[in-house]
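Number of protein chains: 2
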Amino acid sequence: MLEKFFKPDSVAVVGASIKEMKLGNQILENLLKGGFPGRIFPINAKADSTTRIMGIKAYPNLVEVPHSIDLAIVVVPSRWVPSVIQDCGAKGIDSVVIISAGFKEVGEQGAELESQLFKLSRNLGIRILGPNVLGIIDAHHHLNASFAPANPPPGNIAFLSQSGALGCAILDKAEGEGIGLSKFISLGNKADLDEVDFLAMLKDDAETDVILGYLEGIGRGRDFISVAKEVTSRKPVIMIKAGRSEGGKRAASSHTGSLAGQDEAYDVAFEASGIIRANSLREAIDLARGFSSQPIPQGRRVLLLTNGGGAGIMAADACEQFSLELANLEDQTKERLKEKLPQDSSLANPVDILGDAKSDRYEIALEAILTDPNVDGVIVLLTPQSGSDEDETASIIIKICPETKKTILTCFMGQKKIKRAVEILRNNGIPNYGDPEDAIRVFEAMFRYGEWLKRPVEVVKTFPVSKSRVDHILNESIKEGYLEIGGERALQIMKAYGIPTVENYLVKELDEALEVAERLNSSLAMKIESPVISHKSDTGGVLLNLKPTDVETSFCKLREMAKKIVEDNRIRGISIQPMVKEGKEVLIGVSWDDVFGHLIKFGLGGKYVEIYRDVSTKLVPLTPSWTKEMIEETKVISKLLKGVREEPPSDAMEVEEALLRLSQLVCDFPRILEIEANPLVVWEKGGVVVDARLRLRNGCS
Amino acid sequence: MLEKFFKPDSVAVVGASIKEMKLGNQILENLLKGGFPGRIFPINAKADSTTRIMGIKAYPNLVEVPHSIDLAIVVVPSRWVPSVIQDCGAKGIDSVVIISAGFKEVGEQGAELESQLFKLSRNLGIRILGPNVLGIIDAHHHLNASFAPANPPPGNIAFLSQSGALGCAILDKAEGEGIGLSKFISLGNKADLDEVDFLAMLKDDAETDVILGYLEGIGRGRDFISVAKEVTSRKPVIMIKAGRSEGGKRAASSHTGSLAGQDEAYDVAFEASGIIRANSLREAIDLARGFSSQPIPQGRRVLLLTNGGGAGIMAADACEQFSLELANLEDQTKERLKEKLPQDSSLANPVDILGDAKSDRYEIALEAILTDPNVDGVIVLLTPQSGSDEDETASIIIKICPETKKTILTCFMGQKKIKRAVEILRNNGIPNYGDPEDAIRVFEAMFRYGEWLKRPVEVVKTFPVSKSRVDHILNESIKEGYLEIGGERALQIMKAYGIPTVENYLVKELDEALEVAERLNSSLAMKIESPVISHKSDTGGVLLNLKPTDVETSFCKLREMAKKIVEDNRIRGISIQPMVKEGKEVLIGVSWDDVFGHLIKFGLGGKYVEIYRDVSTKLVPLTPSWTKEMIEETKVISKLLKGVREEPPSDAMEVEEALLRLSQLVCDFPRILEIEANPLVVWEKGGVVVDARLRLRNGCS
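The listed protein sequences derive, respectively, from chains W and G. Just so you know, we're using numbering that gives the first Met the number 0 here: the first sequence kicks off at 0 and counts up by one. Just so you know, we're using numbering that gives the first Met the number 0 here: the second sequence kicks off at 0 and counts up by one.
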C-alpha cells in the first residue's frame, strides 16, 4: 500500500514548466538532480509533439503519455486540479501528489473545491497526498518529487511534516548536517491521506528506523492512537505538535485549517501511544539522531566521562534533572582505572581523566567502563584543551563503540577545534551534542522508550454494573429536558456503576425528612434537589453539620429559598445525607476532547480544585496500570494519600477502582460528555463520593 | 585597579619552555600568535646569556630582567611558586597570574601551600589570579596570556570562568562562531582575586557591555550581591551556576573545592542582584549574543514576521510560554501591509508573508511593522523555501535595523542554505537563533532586564520593636543551654517584634490553668512547654478543641505525659491558648545559607507544608516591594489569600508586615539561624501566629 508514492517506476509532473522559479520547473529539476532512476513525463497543456522541458519530451496531458505512469505530481492552479484527477482516472494512475495550493487553507470556496476533489478521487479509486504540500521524497529510491531546495542524504529517519516551510528548514538542516532521511512526506491539507496512513505504512518500512513528525492537528484521534501504538511497539516516533498556546492555535487554524483540540489532550494521547513529544525542532532532531544511531539503554545508570570538571558537573546536574542515575562503578573497574590513569583523576562519577587527557586515556577509561555491569550507557564529554587530540579521541570512540551494546552519546563542546571530530563521530553512528543537557535529555528519552517497549500488555478490567439503571436515569433526565445532571441522580448513576456514594435520601415532605433524620441518627447535610440549580453551594442551597433538631427549620428554609429561585415543579425535593467523616478529598472525572474523545482525570479535590491544579489525565478506557501511574503522577494528592508523618495511608485501591468504574461508565454511555465526582472522600479503608454532576451530549447517541 | 592584568606593557612568562606541549611553551606561543604589542620575557631557570625561547631572549629569573615587568604569568610546578612570588616582590611586580595547578584542588597539602602563597602575596602587596587557571585574555589589547588553544575575536562580551575546561569550550565556540570577547578571565582556585573583584572592575570597563560567567561556587556571598547589584544597574550579567544537583555538587567540591551552599540560594541571590541565570552553555551564549548586539526592548509586545506558518505557530507558542505578548498591529499598519502584500498574507500576528516571500516582501513588512507604536520588538523568522533569497533578506534586515531602536532578533531556520545569511546578520549586529524558542527566550530575558533597570529604589522599612525583650529571652534560653526555642518563648519573640501572636498563658499549677480557662471563656488548646520537646504534636503534647470543663483532666494528662518523656526540671509548664478561628494558614520563616546568609520564606502553611512545597524565598533584609513579589510568586497561597469564588480576600497586608518585621528581627539578631512561624492564620482582617520555633547559632555573635 502507498508503494507507488515512494517507489514509482515512472512519474508524471503535471504543470511542468520551462519557466524557472515556477514550482513545476523546480519539481522537475529536483527529480532530475536527485537522480530519479525511472521515467519522467513532464505534462504541460501547451506542449506539442516537439516540446521538451529540461530536455525531456513533454505531453499536453496525462492521457496522451504512451507509457504507464505510477505517480502523478500535480502543480497546476487549483481550479484545474479536478480535471487532472479525471485524467489520472482515465490513465489508470492511482497515486497522486497535489502540490497546488488554493484549497481549504484559503477559506470556504477552497474547502468546497477540496471536498469535491476528495469525492472525485474516492470514486476513481485514487489516493491523494495533499493538496497544498511541498511534495514527497524517497532518498533511497532517489525520488525527490518536491519543490524543497534541498536534497537530504539517505538514512533511516522518516520525516512527516504538516508544514511545508518547516519541512524545508529540516531538509536543509538534514543536508547541511548530514542527517540521513529515508522518506520525507509533506502532509499539507490532508484531504485524503493523513498522518495515520503514513504511520501505518512506515511501521513496516524496512528503510525507516525512526519516525519524526511535525503536526499542527490530528483529524482522526482514536485511529491515530491505535495505529501509533502499533508503530511505537516497533520503532520510535518523535512528534512536534505546535499550537500549544492560544496564539499558536489561532495561527494554526488559519494556517492549515487544522482542528486543534485541547493541547493537553495531545500530551495524554502521545503518552498513551508511546510517542515522544519534542518541544522544539532542535530537540526533535537531537532525539532522532540518538534513536537512529544508538542502541536503547537497558537502564537509567549513566556514566559520565570527561576531561573537564565543569562539563562533568553540568552533566551530573542534567542527570538529576532528567531523573537518570549516576552509575556506581564496581570496585574492580575502579581498580583497573586507578592502575592506568594519572593519580589526580577522579574515579567517582563523573570520571574525570583531566585536562591533558589524550585519546589513549579515553580509550583506557572507555574500555574499563563499558564492561562494568553497573553502567547502562556513557556520555563522553570533551572540552578542547591545549593537550586534547579531538580527532584521535573521536576515532577511538568509534573503534570501541561497535564492541558494546551500551548506549554511547558524546558531548564534544566548542566549535572550531572539534568540527572534524564531530564529523568523524557522526559518520560512524555516534551523535554528538553541543551541551551536556542535550545529550542527557536524549539518553533519558531513549531509556523511557525502552521502558515503553517492555511494558506489560494492557487489559481493560470490566466490572459487573447496572447499565439499565443508568440508562433509565439518563432517559428520565433527557425527557425532562435536562442535559446537566447533579445531586441525587448523579450519585445514583455513580452507585449503579459500583462507585461508593454517600447515603442520600430524597424527600418531598417534612415528615419524611424527620423520619430519615431519625433513622440516620447523625450530623446531617441537606441540599435542594433541582436540575436547574447546578452550583448549589454558591446559591445557599446546601446546609451542613445539622443536628437532628435542626431538620425542621432547615427543611423550611431550603424550601423557601428554592421557591425564590425556581418554579415549584422544577424542585425534585430535598436530599438528606449523613455528614461524612473527614478524609482526603480527591476528584475523579471525565471530560471530552473533540479529537481524542473521553479523557479521565484524577486529582486533589475539594473547593480549591482550580487553585491547586493538581490533576493528572489519561485516556479512556483506563487500565489498572495506567490508573496507578495516574495517581502517582500527581504532585500533592498522591503524597497525601500515602499519609504524612504519623497519618495512616488512605485507601488508594478504592480510588483506583472508582476510576476504572468511571471509565467503564463513559465507555458504556458515550453520550456522557463530562462527569465529575468532587469530593470523593477517602479514608484509611473505603471512601464515598459526596457530590457529583455530569453533562450529556446534545442529540442522541 | 587590576589594569596591569589586562593592559600590561610587558609580560614575563615564568616557566617558559622550549619543549612543545609544555604549558609554558603554549602560553608563550599564544602571546606571540595573539600579537601582544608589548615586551615579552621568557623566564627559565636553566637559561644562560645565550638562551632564546621562540626567538626571544630568556632569563634565569625575574630579578635579572633588565626592564620593568607589569604582569607575571607563572607556570612552574606548585612547590616553586612561593619563591617566584618572592622574586615578583623583589622585582616590584604586583600583578601575577598563577597557572600552576597542585593547590587546594588536590587536597590538604595543596590547600596549605595555597594559603601560604596568599599570605606571602598579601605581605608583598601582590594581587594574584589563580592558582590553577587557564590564564587571562584581553582581546582588544591582543593579550592572550592563556594556554587555551583558541584566539577569540575582539568584542564587547567579558567572560569569567571558574572552569578552565569550559573556558576552552566557550573560547573555541567564540572563535568558531565569531562571538567577540573583550576579556576572558579564568578564575581557578580564587586564592586572592575572585568573581567579586572582576565584576567590580568590569563594571567600569568601557570595552565590556555584557558579562558572562560560569561559576561553581561563590566565596563572598554578600559582597557578591552588593557588587553585582551595582554592575547590573549598568550592564547585564549572565551566569551559569553549575552544581544544582547533589551529584553535581559533589563533583564541584572535588573539582575546585568550592563551598557550594544551597543551589536555591543562588537563584534567590541572582534574582536579588539582577543577574540573569542561564541553565546551559548554549543558553548563556544565546543571551550574550542578544544583549551584546541589540537594544533592550521597552515592552513585552513581540511581532512575529514569518514566511512559513509552522515557524510562526512555534514562535507564538514560545511567546506564551515565556509570558510575552503578541503585539496587535494598529489598523493603519495593517492597511499599509494589506496594500503592498499578496492577498493571502496573514496580517494577524504572526504576520505571514507566505512561502514565496523574497527580500522585498520582508522589507515592506519590516518597514511598516517597526514604525507601529504597538510593537516593542520583532522576531524575523525565515525557512529556506524554493523562492527564498536568504542572503538578500539578511541584507535588507541589516539595512533597516540601524533605523530603529526596537529589538530585532532573527530565526533563520535550517543550515546549508542559510549559512551565509546568518553570517551577514551576525557581522552586522543581528543575532540569529536556530529555533524560535531560543530567540523568544532571549527576548524575554532582555525585556526582564529592562524592567530591572527601571526598578524603583529599594528602601528597607524599620518598625519600632522591643529589641531588649528578645535579647532577654535569647539569653535566658542560651543560659539554660538551649539553642532551639519553641512554644511560648518563640511566640514572645515574635510579639516583641510586633508580629501578632495568639494569646498564650504559661501556667505551672492546675489552679492557674483553671483561672486562665475561665478568663478566656473559649474553646482551648493546651500544650506542654519544654525546651527539649520540639515536635510537640508528634509526641502527643498538644491537645486541641478543649472545653473549659476539659481543662482539669487535660492538665493532668499533659503533665503525666511530660514526666514520662523528660525530667521535671525541663518542663516550663503548660501553655493555654484560645483556639483561633479558621483562616488561611500561611508560613513565614527565615533560614540560613552559608554563602548568602539569611533567606526569608513565605508559603502555604499548615501541617502539609512539605507536601505542598508552595514557598517563595528572598534575601534578607526584605523590602516592601520584594515582599509583595514574594507573595505573588507562590502558586497556591497567593490565590487562596485573594479569596476563591464567594470568599472575601484575606489580609495580605498583615502578612507583608509580618514578613518585614521578621526580616528586621533576624537582621538585628544574626545569631538566629532559623526561625519559622507556622501557621500564621490570616483572616479577612488581621491574623495571628499560632506556633513558632527558632534555632540559634552555636557560639556567640
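Note that CB positions come from ideal geometry on N, CA and C, so glycine has one too.
Close beta carbons around residue i, own chain, < 6 Å, minus the five adjacent residues each side
i	result
K507(W)	G572
L424(W)	A393, T409, N431
A438(W)	I378, L408, C410, Y432
G242(G)	E215, K248, A251, A259
I492(W)	V469, I472
N- and C-terminal bounds of the beta strand (DSSP E) containing residue i
i	result
N568(W)	Neither: N568(W) is in no beta strand (DSSP E) and is coded neither H nor E.
F601(G)	596-603
M525(G)	523-528
A11(G)	9-13
L304(W)	300-305
G376(W)	376-381
G154(G)	153-160
Cβ separation of residue i and residue j, assumed to be a contact under 8 Å, to the nearest whole Å
i	j	result
V589(G)	V665(G)	5 Å
V64(G)	I98(G)	That belief does not hold up - the Cβ atoms of V64(G) and I98(G) are roughly 19 Å apart, past 8 Å.
L482(G)	N677(G)	In fact, because the Cβ distance is near 19 Å, the residues do not count as touching under 8 Å.
V681(W)	G582(W)	5 Å
D316(W)	G177(G)	The Cβ separation is near 29 Å, so there is no contact.
K617(G)	I599(G)	5 Å
Q236(G)	I275(G)	Here the sequence assigns Val to residue 236(G), which means Gln is not the residue at that position. Confirmed, Cβ separation roughly 7 Å.
Buried versus exposed, by CB contacts within 10 Å (16 or more), residue i
i	result
P530(G)	buried
E402(W)	exposed
T406(G)	buried
L658(W)	buried
G413(G)	buried
F462(W)	exposed
N474(G)	exposed
G166(W)	buried
P7(W)	buried
D330(G)	exposed
R518(G)	exposed
C400(W)	buried
S700(W)	Note that S700(W) scores a pLDDT of 46, beneath 50, so its modelled location is shaky and nothing firm can be said.
Three-way DSSP call (helix, strand, coil) for residue i in this model
i	result
I275(W)	strand
Q576(G)	strand
M200(W)	helix
T207(W)	coil
F446(W)	helix
V688(G)	strand
Y213(G)	strand
Y58(G)	strand
V75(G)	coil
M560(G)	helix
W591(W)	strand
M412(W)	coil
Spatial neighbours of residue i in its chain, beta-carbon cut-off 8 Å, leaving aside the 5 residues before and after
i	result
K3(W)	D69, L70, D93, S94
R569(G)	S529, P530, V531
Delimiting residues of the alpha helix (DSSP H) encompassing residue i
i	result
E334(W)	330-339
I610(G)	608-611
I532(G)	Note, I532(G): premise wrong, no alpha helix (DSSP H); not H, not E.
M313(G)	308-320
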